[in-house]
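Residue numbering for the sequence shown follows full-length UniProt numbering, starting at 1 and increasing by one per position. Just below is one structure, and these are the notes that go with it.
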Amino acid sequence: MKKFMPADRPQTEEGYQYHIACKPGDVARYVLLPGDPERVPKISSLWDEAREIAFHREYRTHTGKYKGVPISVTSTGIGGPSTAIAIEELAAIGADTFIRVGSTGAIQPGIEIGDLIIAKAAVRLEGTSKQYVRVEYPASADIEVTLALIEAAETLGVKYHLGITASTDSFYVGQARPGLNGYFPSFAKNLIDDLRQAKVTNFEMEAATLYTLANIYGLRAGCVCAVFANRITNEFGKAGEKEAALVASEAVKILHEWDEEKEKKGKKVWFPSLRKL
Ligand SMILES: O=P(O)(O)O[C@H]1O[C@H](CO)[C@@H](O)[C@H]1O
Ligand SMILES: O=c1cc[nH]c(=O)[nH]1
């Protein structure tokens, strides 16, 4: 049995992290983050090569190459608490760029089942980020990662919307779905309408934690989700998962190119005219 020490950062002598069961060298700097462990092999099957590194609790990790670029995918499980653990432990072993590849429920008109939503920011309706930093702190996506996701979706010809996600701790009442036996408090009744007026596009459960922690730690994060639920028409369908995985993988290839350009030109941030400098 592996021995984990110390109590405030449990890991083995080789650096195996307590929850994700990975050690330094096991993951690439670019890591895709689906919630569902079953999405991990679906994503890595789109790459040139991949191997399973670990599968412990909700955390399943594959590492490989996409178009020659080293890439990993780790499932986060559902919600902020398990997502924060994934980020803490993946960053501790060398990852610095994260793309959530999720599913979501759309609340604006004109967004269809199977469309993608790229989130430029997240409303912090969850609780985990509040255990890290005050509520006024922004859950904003990294601009390079967001731009790379847009570039990837455009290049691949995939339908997407750029929006603001609301990340909740509850799939049912917290996303304005009546609970058991019709439980539906007044604050839930107005939730979708209030968020819609504020141009929020969708609900999911992890982006706010990811973005908040990434900003605090100086990591890069973005998010692309496939629309499974239309909360206006009340339709539900598991479509767009493959497109989201392809867009996220292609975004990693783009980010890798931009990171090389930055390094060559001695710049900290990528910007469109950098190529001409
Ligand atoms: O499909 P994933 O990535 O798990 O994302 C969404 O699906 C789950 C709820 O069904 C939540 O995790 C939500 O954020
Ligand atoms: O409606 C939805 C669909 C997927 N994931 C969510 O969190 N909400």
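The beta-carbon is built from N, C-alpha and C at its ideal position, and this holds for glycine as well.
Residues of the same chain with a CB within less than 6 angstroms of the CB of His256, apart from the 5 flanking positions on each side, are Val69 in chain order. In terms of side-chain proximity, the C-beta atom of Pro34 is found nearer than 8 angstroms to a non-hydrogen atom of ligand 1.
By the CB criterion at 9 angstroms, Leu32 and Val158 fall outside the cutoff. Ile111 has its alpha-carbon roughly 18 angstroms from the corresponding atom of Val101. CA-CA distance, Trp270 to Tyr183, rounds to 49 angstroms. Within the same chain, Cβ atoms closer than 6 angstroms to the Cβ of Ala21 are found at Ala54, His56, the five residues on either side in sequence being excluded.
A Cβ-Cβ contact shorter than 9 angstroms links Thr168 with Leu125. The DSSP-derived three-state label of Pro70 is strand.
Here Ser103 carries a strand assignment [DSSP, helix/strand/coil]. Using a cutoff of 8 angstroms, the CB of Glu13 does not count as near ligand 1, since none of the ligand's heavy atoms is closer than that.
Secondary structure of Ile164 (DSSP, three-state): strand. Nearest Cα to Pro109 within the set Glu235, Ser44, Glu52: Glu235. As the crow flies, the alpha-carbon of Gln197 is around 45 angstroms from that of Arg51. Pairing Ala95 with Ala139 gives a Cβ-Cβ distance that is not under 9 angstroms. Here the C-alpha atom of Ser82 lies approximately 23 angstroms from the C-alpha atom of Ala176.
Distance from the CA of Lys3 to the CA of Arg9, rounded to the nearest whole angstrom, comes to 12 angstroms. Annotation for Ala221: Phe98, Ala141, Asp142, Val145, Leu210, Tyr211, Ala214 place their beta carbon closer than 7 angstroms to its own, counting only its chain and skipping 5 residues before and after. Distance from the C-beta of Met1 to the nearest heavy atom of ligand 2 is not below 8 angstroms. The alpha-carbon separation between Pro34 and Arg134 amounts to approximately 26 angstroms.
For Ala152, the enclosing alpha helix (DSSP H) starts and ends at 143-156. In this structure, the CA atom of Asn230 is about 9 angstroms from the CA atom of Asn202. Just measuring C-alpha positions, the residue of Ile254, Ile107, Cys225 sitting nearest Lys242 is Cys225. Per DSSP, reduced to three states, the secondary structure at Ile87 is helical.
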